[in-house]
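Position 39 of the sequence shown, counted from 1, bears residue number 162 in our numbering, the numbering being contiguous throughout.
The beta carbon of each residue, even a glycine, is placed where N, CA and C say it ideally should be.
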Amino acid sequence: IHKGFSIEQAQVVVRAVGKQLEDNLASTLDGMRLLNLEEWTILPGFVFRVVDIAKRCGFAPEDVEVVLQAFALPATERNAQFSALNEFNALTARPLLRMSDGRYLLLQWYCLAEALYEVPFYWMRPDKPYMPTATRNRGEFAEGFSKERLELIFGKENVHANVTFAKSKKSHLGEVDVLVLFGDRAIVLQAKAKRLTIEAKKGNDEPIQDDFKKSVQSSYDQALVSANALLDLTTQFTDSNSRAVVVPVKLKAVYLFCVVADHYPGLSFQARQFLNYSETLLIRPPLVFDVFTLDVMTEMLQSPLRFLSYVSRRADYLEKVIATQELTVLAYHLKQNLWLDGETDMIMLDDNIASDLDIAMTVRRDGVSGKHAPEGILTRFVNSSVMHIVSQIESLKYSGTIELGFQLLMLDGDTINELSGAIDKLLRAALRDGKRHNVTISLGHAESGLTVHINSDPRDLARTNLEIYCTKRKYERRATSWHGISLSPSADLRFGVNLEYSWEQDARMDHETRGMAKSNKLGLHTPVQREKQPGRNEPCNCGSGKKYKKCCLK
């Protein structure tokens, strides 16, 4: 069915309607000052004329009219089928009301924008020969859009589309719609164009079972096959240009994204109830959301570590965090830094939490005045030494430091301030005296820790000293993992080390760590403590193996 306009033209008209209503409502409110109280009404603020929209668009009035008519409710329509809240409402497809004088009434611009996205697909349904093409185009949009948004975070070189995998050239095991490889982390994204039927959106069990099997469940099943293939070193991966995709030998985590092109409020809840999934140590629980959620996630978390850190925690807390939509969880994270201790069984989030996120997206996309981000993790500590280290970790993309980046992003505000203050103080000291300086903290209830070495030693010597010291400190704290980073006195991240293995008592290590400064096991929210200065004849804290009087005391 030909409507007489293109989607691009309709998009221009719809945006113009939104701008016109903003101006109309402002002038209506201003004009109410001149009226008596009993004459007050804001209804004129929701009414617009075709000629005004045509002027804004630069289109002929008749071209604007044909677009508006496509989204206008017929005068004879009485919406009889809308007999319950979960039934189809004709106004969702045609939210414009034509008035007797030719003007249009629109009470909520969002409804018109949503109709522009959803309704054209149904216009095409009567054209049976074209439907396979329409469905294919819809799928390509979901895949292409997802790829573009992830490239914004990880760069084009780390995002691959339509990746096929096989054991040999003659075999074909499957395809990944979008594959992201960053350090020792991978994202497998499967996008589905299959629309969920109205009956499924309403929550009726039988249609949901069928629709979920064809869309969300099918997407997850394909993603799981792809994730297992990534962990199989004998599998070969090829991108859409027939080029080999090199998968890291030791992936530490694979995140599964099941993305749908549809939007409806019940997606998060229904996925929680009906999606059958499994998880392993490396393959994390799946995240199910629509392209709009992915759009907002990539808009607000525009750094690989921030994005992956949130995704990792969201997967960990999949069964613990309940919200009617994923954007509410994201909004909570942006404000409070999503983190749950082991004693928390479940939290429920109210949709009102997302109000600041809605404002921030409006500011970014529509250019209105306001805050570009909710007050929280994106606005605090941005100039701190800890966040400076995080940004440098991202640029290195070294697998051993990505986990450290996650740990630093989970620190609470007090710890970030104290650790940053300690690092700043030692950087000034290193510039002043040219000596080695270090600070150590415990992370994650002492299951891990971090040592920062600040020095100007040759790289090989600095790395050796850092590895020796971290090994000793990990043993002394009985930690399961330990991170170490080397900073130059000018605060540049030189390299990092990562030690990860179970603690086992060792007589030799008992002897070597006997002179190290003992400390309590600090928790995640405990202030930073600097290393105690050793005695003259005790082993030096820098890890050189020499006595303090023959090393850094000089």
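Annotation for residue 199: no residue places its beta carbon closer than 7 Å to its own, counting only its chain and skipping 5 residues before and after. Ranked by Cα distance from residue 351, the first of 633, 131, 379, 509 is 379. Nearest neighbour of residue 421 by Cα position, chosen from 289, 484, 150, turns out to be 484. The residues 210, 211, in chain order, have a CB closer than 7 Å to that of residue 204 in the same chain once the five nearest residues on each side in sequence are set aside.
Its Cα nearest to that of residue 370, the residue 310 stands out among 337, 341, 310, 389. Scanning its chain for C-beta atoms nearer than 7 Å, with the 5 sequence neighbours on each side dropped, one finds around residue 312 the residues 269, 300, 301, 380, 382, in chain order. DSSP places residue 413 in the uninterrupted beta strand (DSSP E) bounded by 410-413. DSSP, read as helix, strand or coil, puts residue 146 in helix. Classified as buried, residue 662 has 16 or more neighbouring CB atoms from the shown chains inside 10 Å of its CB. When secondary structure is reduced to three states using DSSP, residue 288 falls in the strand class. Rounded to whole angstroms, the gap between the alpha carbons of residue 274 and residue 363 is 16 Å. Secondary structure of residue 662 (DSSP, three-state): strand.
In the three-state DSSP reduction, residue 540 falls in the helix class (H, G or I).
Of the residues assessed, residue 255 falls on the exposed side of the cut-off, its CB having fewer than 16 other CB atoms within 10 angstroms.
In the DSSP assignment, residue 618 falls within the unbroken beta strand (DSSP E) covering 616-623.
Around the C-beta of residue 409, 16 or more other C-beta atoms lie within 10 Å, and the residue is accordingly described as buried.
Residue 402 counts as exposed, since fewer than 16 other C-beta atoms from the protein chains shown sit within 10 angstroms of its C-beta. Annotation for residue 376: no alpha helix (DSSP H) segment contains it, though the beta strand (DSSP E) segment containing it runs 376-383. Annotation for residue 297: the continuous beta strand (DSSP E) segment containing it runs 297-305.
Comparing alpha-carbon positions, the option among 187, 236, 165 lying closest to residue 141 turns out to be 236.
Just measuring C-alpha positions, the residue of 180, 166, 173 sitting nearest residue 131 is 180.
In this structure residue 611 touches residue 579 by the C-beta definition: roughly 6 Å separates them, less than 8 Å. According to the DSSP assignment, residue 126 belongs to no beta strand (DSSP E), since it is labelled neither H nor E.
A direct Cα-to-Cα measurement between residue 538 and residue 464 gives close to 17 Å.
Contact check for residue 219 against residue 239 fails: the beta carbons are separated by 8 Å or more. Closest in C-alpha terms to residue 276, from the list 427, 169, 615, 307, comes 427.
In this structure, DSSP gives residue 469 a state outside helix and strand, which the three-state scheme calls coil. DSSP, reduced to helix, strand and coil, places residue 189 within a helical segment of the structure shown.
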